[in-house]
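To keep things clear, I will list the structure first and then write my remarks on it.
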Amino acid sequence: QKEVEQNSGPLSVPEGAIASLNCTYSDRGSQSFFWYRQYSGKSPELIMFIYSNGDKEDGRFTAQLNKASQYVSLLIRDSQPSDSATYLCAVKSFVGGTYKYIFGTGTRLKVLA
Amino acid sequence: DGGITQSPKYLFRKEGQNVTLSCEQNLNHDAMYWYRQDPGQGLRLIYYSQIVNDFQKGDIAEGYSVSREKKESFPLTVTSAQKNPTAFYLCASSIGRGGLEQYFGPGTRLTVT
């Protein structure tokens, strides 16, 4: 069973701080990694994706991928109360002859004003 | 305006009734997916379709059915055989058969009493 693990949280950070969200995955052959933000009662919104080892930056967001450790993280700089949401990690894996997206259960982030 | 639409946003049904959830996309994406989300759980794949007139069961297909007669449309029917149908249903799409980023519609919240 291919798995994606996340700490459910909540992760509480003060406004302006860096929030660090982590995700581990079990399928060493996974190639694509995604971070979604989901506000309560809403659908997931894609915020970052990364395919290569290293860092990828987009505004206040940085995705980090370490395939050797099977670890992907999301850093949010200068956290704002509007960043308070659940963050879902997703991994695209080849399962049963086709590609599937495996989702973690999400980490709830609270940014305190 | 490109995107994925789902209707209705909220749906209430009595036990024993079949119900069909609509999903339409104008992104010209080949692949479409249906997920179910329950509180505290990750997204679980119900059905997916890589091309028109073809679809595959996901991890929890029992009690559900789909069709893919047009590229833009992928309706999901929740049948009376589904034991716990109350959930948040999410439709998603991605480019190509091995598509990369997956985008979600706004979701349909189904309540069955």
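Just so you know, the protein sequences line up as chains A and B, in that order. Using the numbering used here, the first residue of the first sequence is number 8, and each one after it goes up by one. Using the numbering used here, the first residue of the second sequence is number 110, and each one after it goes up by one. Just so it is clear, CB atoms sit at the ideal spot from N, CA and C, and this is done for glycine as well. Computed from a predicted model, the values in this text were never measured in an experiment.
(Q) Using 8 Å for Cβ pairs, my map puts Ser27/A next to Ser80/A. What's the rounded Cβ distance? (A) One-based indexing of the first sequence puts residue 27/A at position 20. One-based indexing of the first sequence puts residue 80/A at position 73. About 6 Å separates the two Cβ atoms, so the contact holds.
Q) At a Cβ threshold of 9 Å, is Ser100/A touching chain B? A) Start at 1 with the first residue of the first sequence, and residue 100/A comes out as number 93. Interface residue (Cβ-Cβ distance to chain B less than 9 Å): Ser100/A is not classified as such.
Q.
Output needed for Lys117/A: all residues of its chain with C-beta closer than 6 Å, excluding positions within five of it in sequence on either side, in chain order.
A. Taking the first sequence and counting its residues from 1, the one referred to as residue 117/A is at position 110. Cβ within range, chain order: Pro17, Ser19, Ser91.
Q. Can you tell me where the beta strand (DSSP E) with Ser116/B in it begins and where it stops?
A. Walking along the second sequence from the start, residue 116/B turns up at place 7. Note, Ser116/B: beta strand (DSSP E), 113 to 116.
Q: Establish whether the CB of Phe110/A and some CB of chain B are separated by less than 9 Å.
A: For the purposes of this step, residue 110/A is taken as the residue at position 103 of the first sequence. It does: the Cβ of Phe110/A has a partner Cβ on chain B nearer than 9 Å.
Q.
Quick check: the stretch 175 to 185 of chain B against the stretch 148 to 165 of chain B, are at least 3 beta-carbon pairs closer than 8 Å?
A. By the criterion of at least three beta-carbon pairs nearer than 8 Å, the stretch 148 to 165 of chain B is in contact with the stretch 175 to 185 of chain B.
**Q.** Per-residue contacts from Lys107/A into chain B (C-beta, under 7 Å)
**A.** The sequence position of residue 107/A within the first sequence is 100, counting from 1. Going along chain B in sequence order, the residues near Lys107/A (Cβ under 7 Å) are Leu154.
Q.
Just to make sure I have the definition right: I need the residues of chain A whose C-beta is within less than 8 Å of the C-beta of Pro215/B. Which are they?
A. As a working note, residue 215/B is residue 106 in the second sequence. Within chain A, the residues near Pro215/B are Lys49, Ser50.
Q) Does the beta-carbon of Lys99/A have 16 or more other beta-carbons within 10 angstroms, so that it is buried, or is it exposed? A) Taking the first sequence and counting its residues from 1, the one referred to as residue 99/A is at position 92. Label assigned to Lys99/A: buried.
Q: Closer than 7 Å, Cβ to Cβ, to anything on chain A: give me those residues from the stretch 175 to 201 of chain B, in chain order.
A: Within the stretch 175 to 201 of chain B, the qualifying residues are Leu199.
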